[in-house]
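Student: A single structure is presented below for examination.
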Ligand code: AMP
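Numbering (this note's numbering), first residue to last: 647 to 1199.
What follows is the structure, given as structure tokens:
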């Protein structure tokens, strides 16, 4: 494996990449960047989403003369969306270089583009038609262009841009560097390359046939919906006993870990920046089952050996089929069953197809479970737990209660009443599962409520809303501090505060639903033991998850 350092990139570029959380180059990057830094022409056959933008943008940025304000690099893209996206990528990768980038495309007022061009830009990204417009008007000077990139060349061919592309290439200096990126290599693209590229190296990212373990492979399309909400729903539905969730970057790992924890999914995170001691601690918690979810990057998860992973979840689809195979190989070990779940955005559909093609195994599309599905699943698993409890025996202490009441009520009514106590009201149950819990406003403000211990509770007490606070035992916080902060800041009686659970880094507190918003607002303004509290509505605990370790009062 090559590292970004080994590719010969400058410290400024390495810093920008590190901030984006990229841990190592993708195969296309590893093979293209060095060639392009040397000034050579390349033809790269690579799918969208394989990291091709950085493959050409990083070497272009390195080779720019930032003192000159003439366009030095020209990137041709088939669509305006791609032009904007590529320009944004340049901006991010070039964060520590003084460079100006301009996307130009039809549909945007040309005056704005003219103004930007006259101020001076070094990189122009655009669709062939609009670029040609500017060239013909004499508003885009190409005499200093050193590199031209044809991005998604096959798409541009399909859209009828081939003549425009040739016209543009003819206007650029003949000693330029040319890089052609295309998912497929139809004959007209091959011919174009033959005419306009000089001794190019052909880079094909191998997609060898790979074998995948015999596990259930499914995917969910995430469309416009928030990816995180889909993940939360899928986790509720699948209720994995132990899952590794993969993200593409370190920053995404951190962000996802925090969001999961805030929604009461016990998650640990693992990435390349952590020390061995930190890693060992995380792995110990994951192996012992204290944390059900491990959020990790590929690099961090390399060499990880965990026996009992029930689910591998690709929160970000891997850019390389080989990585997919590595990832999903972490479940279904030692003959156990396993599930691999991938979240796929519309743009990533082609990557999914690429993975299916290189593994030869179809990945089944599933509909995102509805709340009703989750409830049905929970009921099924509740029934299963009951069966197991009966089979395990030890019911004697409870039999006399059943017998006493058995004279008055039918066994069905008796059991149903007990289930209701355990599971809560069905409509509330459904609402509990909704991400954005609406505070219930039926209670009297500031009313006194009994503070019961509920070791086996599956959600907040009736009329109470559970809040997540970003402070925990390790911050020196005690239950009394939380009650005090709520009472003083939100100006409600301390006795109205319900159950508190303290964990190492965060805590939960139940407050009357009608006051929840007020408490959140008040706690946002204050600190406990000098630490900001970052309160938010908590996700209810899951019925199948059992009691978690924590300090209840
Ligand atoms: P692209 O194929 O250029 O559209 O890139 C697809 C996605 O992968 C983008 O979201 C990039 O930010 C991301 N990406 C590109 N290179 C890397 C890398 N080396 N490590 C992690 N993510 C990357």
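Where a beta carbon is used, it is the ideal one built from N, C-alpha and C, also for glycine.
Would you check if there are 3 or more beta carbon pairs closer than 8 angstroms linking the region 1163 to 1181 to the region 1127 to 1138?
Tutor: Output reads yes: the region 1127 to 1138 touches the region 1163 to 1181.
Student: Could you tell me the boundaries of the alpha helix (DSSP H) in which residue 891 lies?
Tutor: Note, residue 891: premise wrong, no alpha helix (DSSP H); beta strand (DSSP E) at 889 to 892.
Student: So, does the region 685 to 693 touch the region 758 to 771, judging by three or more C-beta pairs under 8 angstroms?
Tutor: No contact exists between the region 685 to 693 and the region 758 to 771.
Student: Taking a contact to mean a Cβ-Cβ separation below 8 angstroms, would you say residue 941 touches residue 977 in this structure?
Tutor: For residue 941 and residue 977, no; Cβs fall outside 8 angstroms.
Student: Please list the segments of the beta strand (DSSP E) lying wholly inside the region 880 to 925, counting only runs of 3 or more residues, in order along the chain.
Tutor: Those beta strand (DSSP E) runs which fall completely within the region 880 to 925 and span 3+ residues are 889 to 892 and 913 to 916.
Student: Can you find a heavy atom of the ligand AMP that lies under 7 angstroms from the Cβ of residue 895?
Tutor: Yes, the beta carbon of residue 895 sits closer than 7 angstroms to at least one heavy atom of the ligand AMP.
Student: In whole angstroms, what separates the C-alpha of residue 898 from that of residue 845?
Tutor: Cα to Cα, residue 898 sits roughly 40 angstroms from residue 845.
Student: Just to confirm, are residue 811 and residue 722 a CB contact at a threshold of 8 angstroms?
Tutor: The answer is yes: Cβ separation under 8 angstroms.
Student: In three-state DSSP terms, what is residue 654?
Tutor: Of the three classes helix, strand and coil, the one that applies to residue 654 here is coil, per DSSP.
Student: Would you report the Cα separation of residue 915 and residue 758, rounded to the nearest angstrom?
Tutor: Each residue's alpha carbon lies about 45 angstroms from the other.
Student: Return yes when the C-beta of residue 697 is under 7 angstroms from any heavy atom of the ligand AMP, and no when it is not.
Tutor: Under cutoff, so the answer is yes.
Student: With C-beta atoms as the reference, is residue 1167 less than 8 angstroms away from residue 1123?
Tutor: Going by C-beta atoms, residue 1167 is not nearer than 8 angstroms to residue 1123.
Student: According to DSSP, is residue 960 part of a helix, a strand, or is it coil?
Tutor: Three-state DSSP puts residue 960 in a strand.
Student: Of all the options 664, 762, 696 and 671, which has the alpha carbon lying nearest to the alpha carbon of residue 829?
Tutor: For the residues 664, 762, 696 and 671, the minimum Cα distance to residue 829 belongs to 696.
Student: From what residue to what residue does the alpha helix (DSSP H) around residue 1125 run?
Tutor: Start and end: 1125 to 1136.
Student: Pick helix, strand or coil for residue 798, following the three-state DSSP scheme.
Tutor: Note: residue 798 maps to coil in three-state DSSP.
Student: Rounding to the nearest angstrom, what Cα-Cα distance links residue 1003 and residue 1067 in this structure?
Tutor: The alpha-carbon atoms of residue 1003 and residue 1067 are separated by roughly 51 angstroms.
Student: Just verifying my parser: in three-state terms, what is the DSSP assignment at residue 836?
Tutor: Residue 836: helix per DSSP, three-state reduction.
Student: Any chance the region 772 to 784 sits against the region 721 to 736, with 3 or more Cβ pairs inside 8 angstroms?
Tutor: The answer is yes - the region 721 to 736 touches the region 772 to 784, with three or more Cβ pairs under 8 angstroms.
Student: What does the alpha-carbon distance come out to for the pair residue 1128 and residue 874?
Tutor: Approximately 29 angstroms, taken between the alpha carbons.
Student: On the three-state DSSP scale, how would you describe residue 648?
Tutor: Note: residue 648 maps to coil in three-state DSSP.
Student: Can you tell me which of the three DSSP states residue 689 falls into?
Tutor: Residue 689: strand per DSSP, three-state reduction.
Student: What number of angstroms, rounded off, separates the C-alpha of residue 664 from the C-alpha of residue 673?
Tutor: Going by the C-alpha atoms only, they are around 18 angstroms apart.
Student: DSSP state of residue 1013, grouped into three classes?
Tutor: Here residue 1013 sits in coil by DSSP.
Student: Would you check if the distance between the CB atom of residue 633 and the CB atom of residue 1119 is smaller than 8 angstroms?
Tutor: No statement about residue 633 is possible, as the shown extent of the chain runs from 647 to 1199 and does not include it.
Student: Between which residues of its own chain and residue 849 is the CB-CB distance below 8 angstroms, once the five residues before and five after are set aside?
Tutor: Excluding positions up to five away in sequence, the list reads 674, 677, 678, 681, 688, 689, 690, 691 and 692.
Student: Should residue 655 be counted as a contact of the ligand AMP given a C-beta to heavy atom distance under 7 angstroms?
Tutor: The answer is no for residue 655.
Student: Out of 709, 819, 1001 and 995, point me to the one whose CA is closest to residue 974's CA.
Tutor: Per the Cα distances, 1001.
Student: What does the alpha-carbon distance come out to for the pair residue 1027 and residue 910?
Tutor: Taking the straight line joining both Cα atoms gives about 20 angstroms.
Student: I want to check one thing, is the minimum distance from the CB of residue 672 to the heavy atoms of the ligand AMP below 7 angstroms?
Tutor: Indeed, a heavy atom of the ligand AMP lies less than 7 angstroms from the Cβ.
Student: Does the distance from the C-beta atom of residue 832 to that of residue 789 stay below 8 angstroms?
Tutor: Against a cut-off of 8 angstroms, the Cβ pair of residue 789 and residue 832 comes out as no contact.
Student: Evaluate residue 1090 with the Cβ neighbour count: other Cβ atoms within 10 Å of its Cβ, from every protein chain shown; 16 or more gives buried, anything less gives exposed.
Tutor: Because residue 1090 carries a pLDDT of 30, less than 50, the predicted location of this residue cannot be relied on, and the following value inherits that uncertainty. Exposed, because fewer than 16 other Cβ atoms sit within 10 Å of the Cβ of residue 1090.
Student: If I measure Cβ to Cβ from residue 798 and keep anything under 6 angstroms in the same chain, skipping five residues before and after, which residues do I get?
Tutor: Around residue 798: 724.
Student: State the DSSP-derived secondary structure class of residue 808, mapped to helix, strand or coil.
Tutor: Helix.
Student: With 16 as the cutoff for other CB atoms within 10 Å, does residue 917 come out buried or exposed?
Tutor: That one is buried.
Student: Is residue 669 near the ligand AMP, with its Cβ less than 7 angstroms from a heavy atom?
Tutor: Yes, the Cβ of residue 669 comes within 7 angstroms of a heavy atom of the ligand AMP.
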